[in-house]
Amino acid sequence: MYYLSVLVGVIRRLCQECGLDAKGSRTDLLLRLSEEMRSREAYDKIFEKIWAASGGWAVIMCPCGIVYSIKCNLRAESPRDFADMLLSWKHLPNVVICDFARGLSTHTSLRQPITFTPFEGRLLEPTTENIAKAKSGKLQVTLPWLTAKKQSPDPDGHPITGSAEHYVLYDRFHEDNTKDPRDSLRKLRLVPQLAGKVNSQAAEQLFSKLKKNNYFMNMALPSTHVFLMRNIIHHYNVRKNEKRLHDIKKEFNTNIHMNDHSQVVLGNVSLTL
Ligand SMILES: [Zn+2]
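Under the numbering used here, the sequence shown has 19 at position 19, and the numbering climbs by one with no breaks.
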């Protein structure tokens with residue numbers, strides 16, 4: 001019901017902004033809008049407003065800044081868009097950090113029940129005792145495979161970590177997005193391997209960088225807009241990787257190469273030591 005009501009709100013606002021009568025049911029509003037959209041000029045105007053209202057893009061990125069998935073949305077983004085992207089990946093990441101962690105986990109388990117396990121993507125079983133500990137700030141949940149791959153990897157484990165566990169967590173800015181006490185077990189800072197080490201503002205930083213393209217992007221046709229965005233993101237990723245590789249080479253001043261997983265590794269350590 002929540003998304004539906006949000007949607008009606010968006011459509012009503014759109015009617016208002018287009019100077020149409022904004023009263024009545026969702027169907028009334030949609031009929032009025034579709035009538036209005038018959039002229040090309042009005043269509044462009046409405047399209048632009050929807051675009052501006054939704055931001056248009058949902059992204060999944062590594063905290064280091066590399067963008068792995070983008071999805072163009074005409075309606076306001078929802079957990080469904082992120083689930084679409086994640087479920088298209090060959091290997092689901094072990095930890096997903098998300099502003100609406102609970103919503104993402106709930107939505108995804110309706111589509112693929114075993115996606116976020118254990119504990120629906122919470123760090124521990126949501127017992128009264130665990131919740132109380134998490135709230136008091138005394139709880140720590142270590143995920144050692146984040147720093148060193150599991151000695152005996154789980155069946156279907158992630159190729160980098162060897163773990164088949166999948167968590168959906170809130171960063172410290174969005175911990176209060178949920179009212180359910182069980183979700184205090186979704187705090188990023190409970191995990192010492194992640195606490196204070198993850199730049200959870202990476203997405204905001206990307207969007208503020210992309211903002212400067214808004215003018216010419218919004219002048220483009222929708223198909224051009226999508227194509228250009230795909231291109232801009234690609235070059236952004238390439239440049240980011242090149243800069244990092246350059247910095248690492250300078251720092252270590254030794255033989256550096258990429259492994260099969262595109263991770264930077266020091267070449268033949270035993271020889272250089
Ligand atoms: Zn990364």
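We put the CB at the ideal spot given by N, CA and C, even for glycine. It should be emphasised that the depicted structure is a prediction, and the values quoted were computed from it without experimental measurement.
- Nearest Cα to S78 within the set N213, R102, S34, Q263: R102.
- Beta-bridge analysis with DSSP links K243 to no other residue.
- The straight-line gap separating the alpha-carbon atoms of M85 and D247 is approximately 31 angstroms.
- In this structure, the C-beta of I66 approaches ligand 1 to less than 7 angstroms from one of its heavy atoms.
- Contact between the region 97-116 and the region 138-152 is not established, with fewer than three Cβ pairs separated by less than 8 angstroms.
- In this structure, L139 lies away from T161, with their beta-carbon atoms at least 8 angstroms apart.
- Bounds of the beta strand (DSSP E) holding A58 are 57-61.
- In the structure shown, K71 adopts extended strand secondary structure according to DSSP, grouped into three states.
- T127 counts as exposed, since fewer than 16 other beta carbons sit within 10 angstroms of its beta carbon.
- If you look at L266, you'll find it in the beta strand (DSSP E) that goes 264-266.
- Per DSSP, the beta bridge partners of H257 are V265.
- The three-state reading of DSSP puts V226 in helix, counting H, G and I together.
- V191 sits in coil when the DSSP states are folded into three classes, being neither helix nor strand.
- In this chain, the alpha helix (DSSP H) harbouring L206 covers 202-210.
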